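J.:
In the numbering used here, the protein residues as written are 360 to 436.
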């Protein structure tokens, strides 16, 4: 498994562990980079997040004034 694949897996694990229906399902990019900052550089995490968006395992959610990340099963757009 490449390092990028490993980081994408960690990102998705973090989202699955942290997201709860009715509680909190949407997160800022900085929340993700901060959560994984002990293990990975924020630029590497951002690249992994962008790859997840391209693969549609994560999605952007926009309120019009801010953008957040969300798992597809919680996106009600």
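We put the CB at the ideal spot given by N, CA and C, even for glycine.
Note that the structure is a prediction, hence the values are computed from the model and not measured.
Which first and last residues belong to the beta strand (DSSP E) in which residue 429 is found?
T.: As a working note, residue 429 is residue 70 in the chain shown. From DSSP, the beta strand (DSSP E) with residue 429 extends over 426 to 429.
J.: Compute the Euclidean distance between the alpha carbons of residue 414 and residue 385, then round it to the nearest angstrom.
T.: Taking the first residue of the chain shown as position 1, residue 414 is located at position 55. Taking the first residue of the chain shown as position 1, residue 385 is located at position 26. Roughly 18 Å separates the two Cα atoms.
J.: Excluding five sequence neighbours on each side, which residues of the same chain lie with their C-beta closer than 6 Å to the C-beta of residue 430?
T.: As a working mapping, residue 430 is identified with position 71 in the chain shown. Correct list, in chain order: 374, 378.
J.: Does the Cβ of residue 382 have 16 or more other Cβ atoms within 10 Å, making it buried, or fewer, making it exposed?
T.: The residue you call residue 382 lines up with position 23 of the chain shown. Under this definition residue 382 is an exposed residue.
J.: Going by DSSP in three states, residue 383 sits in which element: helix, strand or coil?
T.: In the chain shown, residue 383 corresponds to position 24, counting from 1. DSSP places residue 383 in strand when its eight states are reduced to three.
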